[in-house]
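Peer 1: Following this message is one structure expressed as structure tokens.
Numbering (the working numbering), first residue to last: 159 to 403.
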């Protein structure tokens, strides 16, 4: 009996530790998004606020889970179209997204942060990419630290298995090692498709509390998003953000 209690306690502590780690890593992403925003011009900052307001369809100053789900579905970000991912973005846990939480979402989308192709969880920090799959930008294969360190996910190419973490992979593209590996230096950085279901398949995205946006709302989203991205692309923000976003 005592043994079962110890196992249950260990399992609970592990889950709690994982939740704390995810929260810390999401906070770090938010700080990156804030830094990019603050480095931007007044025009870019204004467009960012305009984009935020288009997501806030009821005008209450925040983005609800329903508004979030409607946007994710419309933009076809299927893996992000879930209440669980909304909870990850909602760093303060007040069940709504404020401006910088939405900017964090935008940063995650544009920096193409991947989902684990084994457990299906979002990876906010270090991940491991299959070098062979990395050669095909449309079909990358990424693992979180836990899955990479376990033997549960079987992934190989004719018996060959080679994974690199995202930092090493980026460095490899800039060094002669890239040629030995068959990597193109212009491909430095995983290009995981956010709409591609992982392994195991993503759950159904038909959440009943998602708002079905009117055509006018969808037009506003696209117009605001396009204006924001055009401003970024012509150099109105730091060169780093222009490259990433």
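Positions of the beta carbon are idealized from the N, C-alpha and C atoms, including for glycine.
(1) Out of 259, 322, 318, 255, which one is the CA nearest neighbour of residue 189?
(2) Mind the definition here: the segment 266 to 278 touches the segment 300 to 310 only if three or more C-beta pairs lie below 8 Å; say whether that holds.
(3) Can residue 262 and residue 191 be called in contact, C-beta distance under 8 Å?
(4) Out of curiosity, what's the CA-to-CA distance linking residue 224 and residue 251?
(5) Which runs of the alpha helix (DSSP H) at least 4 residues long sit entirely within the segment 247 to 295? Give them in chain order.
(6) Can the beta-carbon of residue 286 be found closer than 8 Å to that of residue 322?
(7) What residues in its chain sit with their C-beta under 7 Å from that of residue 282, if we drop five residues either side in the sequence?
(8) For residue 319, name the three-state secondary structure that DSSP assigns.
(9) What is the C-beta distance between residue 246 and residue 280, in whole angstroms, given that I count them as a contact (C-beta under 8 Å)?
(10) Just to confirm the assignment, what range does the alpha helix (DSSP H) spanning residue 307 have?
(11) Hey, quick one: how far does the alpha helix (DSSP H) through residue 230 stretch, first residue to last?
Peer 2: Checking against the coordinates, here is how it stands:
(1) Distance from the Cα of residue 189 is smallest, within the candidate group 259, 322, 318, 255, for 259.
(2) By the C-beta criterion, the segment 266 to 278 is judged to be in contact with the segment 300 to 310, since at least 3 inter-stretch pairs fall below 8 Å.
(3) It is a contact, given that the beta carbons lie within the stated cut-off.
(4) Taking the straight line from one Cα to the other gives about 15 Å.
(5) Here the runs fully enclosed are 257 to 268, 289 to 292.
(6) Taking a C-beta distance under 8 Å as the contact criterion, residue 286 and residue 322 qualify as a contact pair.
(7) So the qualifying residues of the chain are 180, 183, 184, 187, 271.
(8) Of the three classes helix, strand and coil, the one that applies to residue 319 here is coil, per DSSP.
(9) So it is a contact: roughly 6 Å between Cβ atoms.
(10) It spans 303 to 307 - the alpha helix (DSSP H) in which residue 307 sits, taken as one unbroken run.
(11) Looking at the DSSP string, the run of the alpha helix (DSSP H) that includes residue 230 is 223 to 232.
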